[in-house]
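Heads up, the thing below is written out as structure tokens.
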Amino acid sequence: MSEQAVRARAREAGLAVDWVDAMGRPQQVKTEALRRILEALDATQDNDVRPLVTAQVDARIELPGLSTEADRPAELVLEDGSIRSVTIRGGKAATVPAIGQAGYHRLRFADREITLAVAPQRCVTLEEAGAGRRMWGVAAQIYGLRRTGDGGIGDAGAVRDLAQAAARHGADAVALSPVHSLFAADPARHGPYSPSSRLFLNPLHGDPSLVFGPERLASHATAADEQAPLIDWKTAGAAKFAGLRRLFDDFTTRDLAAGTALAADFERFVREGGEALREHALFEAAHATQPGNWADWQAGWRHPADTAITDYLKSGAAAIRYHLFLQWIAARSFAAAQTAARAAGMRIGLIGDLAIGMDRAGSHAWARQSDLLLGLSVGAPPDIFNPRGQDWGLTGFSPRALQARGFEPFLATLRAALAHAGGVRIDHIMGLLRLWLVPRGVPASEGAYLTYPLEDLLRLLALESHRHDAVVIGEDLGTVPPGFRARLRRAGVAGMDVMWFERTRLTYKKPTRWRRDAVAMTTTHDLPTVAGWWSGEDIRTRRALGFVAAGEEEERKQDRVRLWRAFMAAGTAQGAPPPVDRPGAAVDGALGYVAQSPAPLMLAPLEDLLALEAQPNLPGTIDEHPNWRRRLVPAAKDLFDAPEVEARARIIAGHRS
């Protein structure tokens, strides 16, 4: 195929042949890179009528793929069950009249049926959730929270404790790190942004005591070091799973055999989970017998319908049921935590975190292979910080598969994220518009942007937001396409303003000039804490790993002066800057500074409330740094009793009132 033909085919497949980098410079994807990406894409054209069409309330609805010269009669079945006759207007693009009722409706004509997903104009906004109040909340790494009996890994019980404690100080939200399912057979794989499946939960974060009560759990205590400052995921995970297995055996004998109320609830959960839940439990059970990537498993095990798997459904029935049990405990315990947060007075409660992609070795990739672009990795193009680009080792949805399946994979993922929360943070929300995809085995710089159906996804996001009465936050940091933030604003999706980025080269932006449609934060899990930045701990850590650029320490000295000057101008600090080894006053100043933002929600990371110097994750490292392992002191229920934390909560509340 000629170069011109390759580029033309790439455009038809939704690939951006030309793009603009982070420095504003035009770039062009190499032809050979396009060839490789096209080989991994299902690039066939599909002009058939889509099974689901999105629209907005009170707007005429176009039916892509349906072309008819003459009008034709049809029947519209609204979600409430009412039926009306409508006319499909002919033309190059057939249309039906506007619908004034949001919901999933059915359009029937001839021998066909199309779902019409009619959405409100925007998501439930933070302003609406807060009824005009400038809210604040906390951001927590769930694994780091402590409670007695947690087995050494933070769980939903500690989340409940934290939410209740924070609510007593006026907080309205607890934003959590991802709780997606990882790999039960290999608890050492603990990166929360590399999930096996985003449809299900990590059982290690479930709290059985919220389901069974603490008395019954006493005989199934997990032998683990709950006081360790760092989680040994392999050891602690194995011990916690062993305790859960003993609990399952007890549940089988005492509840399932007797048909108790708990057993009835479990059976209902399994029925409602359907085929997707069964396939996930099947994968988890099979993974314990077939370690490694499923693509390397023995023949007959590489798909749910394979022969060996069919046989395993009988011999492995107990193991499969055990993993259904684990999901039941996790789901019910997070539901209890959200109920407790709202009962404590929080206007939002829990805010979940939706990762951008999935591990291609995980259960979603095994069970629903046609949903994903398994030959491509999600990443980022070269920029000033990563001149060779980034390959995150994740796979993502195929946009063609999304449309062909009526967006079911996206809807299922979104509904799972909102099932037990009052909101969701979508990681790298630019992925709703485009993803940088890299063919396997080539440098990240050899990737290209693939376009996604943004308008369809935003409409479905708005519809599900209202159905779950939940807010939506989009992580819009980094390289953002022109006009994208404005489109999110119209869709009611809040962005993120982080103090470290709200600046020019020489000054920090006044917090009163930050966005009114974003969440305000001091920092994120991938960036230095305020205490760590002020003390220079982040530079020391990166220097030990060979990551520090020339002149960075001198620039930091000047930035401390600039930031302190900004704090003083905002009235959140006074006097001389504190010494680098006593950053407490800088932390106080930063929290008060960010709290002055007009943003409808300010989130304070627990690491900043506690003035900790170590950040949860250091990008670019794996084992060189204890990523996703640090445990907090004190226990979650006592965290706000610490005088310095209570004082910082008062500072925040004073500026948010």
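First residue of the sequence shown? That's 4 in the numbering used here, and the numbers climb one at a time after it.
Cβ coordinates follow ideal geometry from the N, Cα and C atoms, glycine included.
Within-7 Å CB hit, residue i to chain D
{"i": "D258", "result": "Chain labels in this structure do not include chain D; a single protein chain is all it has."}
Inter-residue spacing [alpha-carbon to alpha-carbon] between residue i and residue j
{"i": "G106", "j": "L466", "result": "7 Å"}
{"i": "S200", "j": "L530", "result": "26 Å"}
{"i": "G246", "j": "H431", "result": "36 Å"}
{"i": "R125", "j": "A239", "result": "43 Å"}
{"i": "R111", "j": "G93", "result": "16 Å"}
{"i": "G426", "j": "R274", "result": "26 Å"}
{"i": "F550", "j": "A142", "result": "27 Å"}
{"i": "G152", "j": "D21", "result": "55 Å"}
{"i": "T98", "j": "I86", "result": "18 Å"}
{"i": "Q30", "j": "R14", "result": "15 Å"}
{"i": "T310", "j": "Q301", "result": "11 Å"}
{"i": "L435", "j": "G382", "result": "14 Å"}
{"i": "D356", "j": "R508", "result": "31 Å"}
{"i": "F643", "j": "L453", "result": "45 Å"}
{"i": "G276", "j": "S468", "result": "21 Å"}
{"i": "Q48", "j": "L480", "result": "Caution is warranted here: a pLDDT of 47 is assigned to Q48, below 50, making its placement in the model unreliable, and the coordinate value is therefore given only provisionally. Between Q48 and L480, the C-alpha separation is close to 33 Å."}
{"i": "I359", "j": "G578", "result": "44 Å"}
{"i": "I654", "j": "K512", "result": "20 Å"}
{"i": "L119", "j": "L66", "result": "9 Å"}
{"i": "A617", "j": "Y146", "result": "15 Å"}
{"i": "R363", "j": "F286", "result": "13 Å"}
{"i": "G378", "j": "R257", "result": "47 Å"}
{"i": "D591", "j": "N389", "result": "32 Å"}
{"i": "H367", "j": "H108", "result": "28 Å"}
{"i": "A298", "j": "M524", "result": "41 Å"}
{"i": "D641", "j": "G209", "result": "20 Å"}
{"i": "K243", "j": "Q406", "result": "40 Å"}
{"i": "V214", "j": "G295", "result": "32 Å"}
{"i": "W439", "j": "D394", "result": "9 Å"}
{"i": "H658", "j": "V162", "result": "25 Å"}
{"i": "E627", "j": "V56", "result": "47 Å"}
Simplified DSSP state of residue i, which is helix, strand or coil
{"i": "P442", "result": "strand"}
{"i": "A77", "result": "strand"}
{"i": "H367", "result": "helix"}
{"i": "A62", "result": "coil"}
{"i": "G6", "result": "Inspection of the sequence shows that residue 6 is occupied by Glu rather than by Gly. Helix."}
{"i": "Q48", "result": "Unreliable positioning characterises Q48 in this predicted model, as indicated by a pLDDT of 47, which lies under 50. The coordinate reading is nonetheless provided below. Looking at Q48 - three-state DSSP - the assignment turns out to be coil, as it is neither helix nor strand."}
{"i": "L635", "result": "coil"}
{"i": "I351", "result": "coil"}
{"i": "T57", "result": "strand"}
{"i": "V162", "result": "helix"}
{"i": "S660", "result": "coil"}
{"i": "G140", "result": "strand"}
{"i": "P646", "result": "helix"}
{"i": "D175", "result": "coil"}
{"i": "G641", "result": "The question names Gly, but residue 641 in the sequence shown is Asp. If DSSP states are grouped into helix, strand and coil, D641 belongs with the helices."}
{"i": "S184", "result": "strand"}
{"i": "L233", "result": "strand"}
{"i": "L18", "result": "strand"}
{"i": "L357", "result": "strand"}
Distance between beta carbons of residue j and residue i, contact taken as under 8 Å
{"i": "P442", "j": "A43", "result": "6 Å"}
{"i": "I234", "j": "R632", "result": "5 Å"}
{"i": "P385", "j": "G396", "result": "In fact, because the Cβ distance is near 17 Å, the residues do not count as touching under 8 Å."}
{"i": "D520", "j": "S600", "result": "Contact flag wrong, Cβ pair sits at about 11 Å."}
{"i": "A174", "j": "M349", "result": "7 Å"}
{"i": "I64", "j": "A77", "result": "So it is not a contact: roughly 11 Å between Cβ atoms."}
{"i": "G3", "j": "G477", "result": "Nothing in the structure corresponds to residue 3, since the chain is present only between 4 and 660."}
{"i": "G587", "j": "P581", "result": "7 Å"}
{"i": "A291", "j": "A320", "result": "Actually they are not in contact, since the Cβ atoms of A291 and A320 sit about 14 Å apart, beyond 8 Å."}
The ligand GTP heavy atom lying under 6 Å from the CB of residue i
{"i": "W331", "result": "The ligand GTP is not part of this structure, which contains no ligands at all."}
**Request:** May I have a chain-ordered list of the alpha helix (DSSP H) segments no shorter than 4 residues that lie completely inside the segment 445 to 484?
**Result:** Here the runs fully enclosed are 457 to 471.
**Length-filtered (4 minimum) alpha helix (DSSP H) runs lying within the segment 562 to 619** = 587 to 598 and 609 to 612
**Message:** Three Cβ pairs or more, each shorter than 8 Å: is that satisfied between the segment 333 to 346 and the segment 401 to 413?
**Reply:** Flag = no, the segment 333 to 346 and the segment 401 to 413 do not touch.
**Request:** Entirely within the segment 247 to 330 and at least 3 residues each: give me those beta strand (DSSP E) ranges in chain order.
**Result:** none
**Item:** Complete alpha helix (DSSP H) runs within the segment 369 to 446 (minimum length 4 residues, chain order)
**Value:** 402 to 407 and 411 to 421
**Request:** Indicate whether the contact test is met: 3 or more Cβ pairs, each with one atom in the segment 415 to 422 and one in the segment 4 to 23, closer than 8 Å.
**Result:** no
**Message:** What ranges does the alpha helix (DSSP H) occupy inside the segment 186 to 224, keeping only unbroken runs of at least 4 residues that lie completely in it?
**Reply:** 212 to 215 and 217 to 220
**Item:** Runs of beta strand (DSSP E) wholly within the segment 480 to 550 (minimum 3 residues, chain order)
**Value:** 498 to 501 and 521 to 524
**Asked** How do the segment 490 to 500 and the segment 456 to 463 stand: do at least 3 beta-carbon pairs fall below 8 Å, yes or no?
**Response** yes
**Message:** Please give the ranges of any beta strand (DSSP E) in the segment 70 to 132, keeping only runs that are unbroken, at least 3 residues long and fully inside the region.
**Reply:** 75 to 80, 86 to 91, 106 to 112 and 115 to 122
**Message:** I'd like to know if the segment 160 to 173 and the segment 262 to 269 are in contact, where contact means that at least 3 CB-CB pairs between them fall below 8 Å.
**Reply:** no
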